[in-house]
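Residue numbers (my numbering): 46 to 121.
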């Protein structure tokens with residue numbers, strides 16, 4: 046009774062973590078910049094979100110995704 050869809054990997058890979066960290070930094074910095082009324086920093090921070098997604102996609106294509114050849118999952 047095994048289900049092949051039961052463990053999709055959940056995105057625990059260097060590509061996913063890098064993308065999430067970059068986007069999280071962008072959102073956090075944008076929020077702080079917005080509170081301090083710094084519109085230039087808000088725009089720069091907003092630009093980090095799609096950059097993070099692109100970096101994650103590039104790393105995934107480079108083999109650092111969940112099933113990529115350069116990704117070695119750690120045992121729990």
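Idealized CB from N, CA, C, for every residue including glycine.
Everything numeric in this text was worked out from a predicted model, so none of it was measured.
Does the Cβ of residue 60 have 16 or more other Cβ atoms within 10 Å, making it buried, or fewer, making it exposed?
By the neighbour-count rule (16 or more Cβ atoms within 10 Å), residue 60 is buried.
Per-residue DSSP class, three states only, for residue 106
Looking at residue 106 - three-state DSSP - the assignment turns out to be helix.
With respect to the alpha helix (DSSP H) encompassing residue 81, which residues constitute its N-terminal and C-terminal limits?
Looking at the DSSP string, residue 81 is not in any alpha helix (DSSP H), and its letter there is neither H nor E.
Tell me which same chain residues have a C-beta within less than 8 Å of the C-beta of residue 113, skipping the five on either side of it?
Within the same chain, and ignoring the five residues on either side of residue 113 in sequence, the residues whose Cβ sits closer than 8 Å to its Cβ are 58, 60, 105, 107.
Measuring only the C-alpha atoms, how far is residue 83 from residue 92?
The alpha-carbon of residue 83 is positioned some 15 Å away from that of residue 92.
With a threshold of 16 other CB atoms inside 10 Å of the CB of residue 64, please say whether the residue is buried or exposed.
By the neighbour-count definition (other C-beta atoms within 10 Å, threshold 16), residue 64 is a buried residue.
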